[in-house]
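Residue numbers (the working numbering): 20 to 262. From the three backbone atoms N, C-alpha and C, an ideal C-beta is built for every residue, glycine too. First the structure, in the form of structure tokens, and then the observations on it.
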């Protein structure tokens, strides 16, 4: 088992909250204002128990879990559009009965082939390593958010929600941590928000992952978040005082 690793982000976080349409949104500004960026095929060490930098697998080692039926059906529809020039294992997937399997009564995942996600093109593929669905989206001039399983474009952003005893919903956005993967996260040789390698972006996460954040919380909430970030500290609203 890999040793417990201290996150590259500080333990004490800066948070901001806002209300919209009856819900409360809580944002981790320490992560969202960091310069984290995906370093797939640019130093990512993978999530196996050992360093797999040279394999260029990223976090595509295991089958991606679909969030629901529409997520699965959307990906299957896009997968059917891929060509052999875009997807290394298109023929293999067809021979095996499709790129998606039912893991249990409630869970569907992408199929694992040759010890990684079947959509992962490997180093020896003509288009290079990477997600075939991502390649298809780029070639079509479309957003990869519309092609890939939701979990694949969300990571390392994690949005969770809690409903209190009065029925009020609070949404929390932060980074996806090892513990969020359950016990399996303890076995990762490396995780991209644990160490400094991935904190090399030229802009803040709130800007570089704008499309992902909007897809998760909506354009109105995103704009409110940006307004709070850009407002001077003195312009922020104070609690009401007694007169």
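Buried versus exposed call for residue i [16 or more other C-beta atoms within 10 Å across all chains shown]
| i | result |
| --- | --- |
| residue 192 | buried |
| residue 100 | exposed |
| residue 53 | buried |
| residue 206 | exposed |
| residue 68 | exposed |
| residue 244 | buried |
| residue 129 | buried |
| residue 109 | buried |
| residue 169 | buried |
| residue 250 | exposed |
| residue 55 | buried |
| residue 64 | buried |
| residue 119 | buried |
| residue 28 | buried |
Member of the options whose CA lies at the smallest distance from the CA of residue i
| i | options | result |
| --- | --- | --- |
| residue 96 | 65, 156, 61, 68 | 156 |
| residue 126 | 46, 86, 47 | 86 |
| residue 161 | 40, 47, 230 | 230 |
| residue 131 | 215, 55, 76, 48 | 76 |
| residue 247 | 41, 28, 190, 48 | 48 |
| residue 166 | 29, 35, 154, 174 | 154 |
| residue 39 | 250, 251, 249, 239 | 239 |
| residue 164 | 222, 194, 94 | 94 |
| residue 242 | 37, 29, 28, 30 | 37 |
Distance between residue j and residue i (C-alpha atoms, nearest Å)
| i | j | result |
| --- | --- | --- |
| residue 196 | residue 51 | 14 Å |
| residue 211 | residue 79 | 13 Å |
| residue 208 | residue 66 | 6 Å |
| residue 113 | residue 32 | 47 Å |
| residue 91 | residue 149 | 20 Å |
| residue 8 | residue 83 | The shown model of the chain, from 20 to 262, leaves out residue 8, and the question about it has no answer. |
| residue 187 | residue 236 | 16 Å |
| residue 88 | residue 117 | 16 Å |
| residue 141 | residue 72 | 13 Å |
| residue 136 | residue 173 | 17 Å |
| residue 98 | residue 204 | 29 Å |
| residue 198 | residue 178 | 14 Å |
| residue 46 | residue 180 | 12 Å |
| residue 70 | residue 104 | 29 Å |
| residue 107 | residue 144 | 6 Å |
| residue 74 | residue 81 | 14 Å |
| residue 115 | residue 190 | 39 Å |
| residue 221 | residue 182 | 36 Å |
| residue 158 | residue 42 | 38 Å |
Counterpart residues of residue i in DSSP-defined beta bridges
| i | result |
| --- | --- |
| residue 140 | 149 |
| residue 44 | 37, 190 |
| residue 125 | Beta-bridge pairing links residue 125 to no other residue. |
| residue 66 | According to DSSP, which records beta bridges pairwise, residue 66 is partnered with nothing at all. |
| residue 135 | 132 |
| residue 111 | None, per the DSSP bridge assignment. |
Query raised in the report: In chain order, which continuous runs of the beta strand (DSSP E) of length 3 or greater are located wholly inside the stretch 174 to 257?
Result: Runs of the beta strand (DSSP E) inside the stretch 174 to 257: 176 to 182, 188 to 194.
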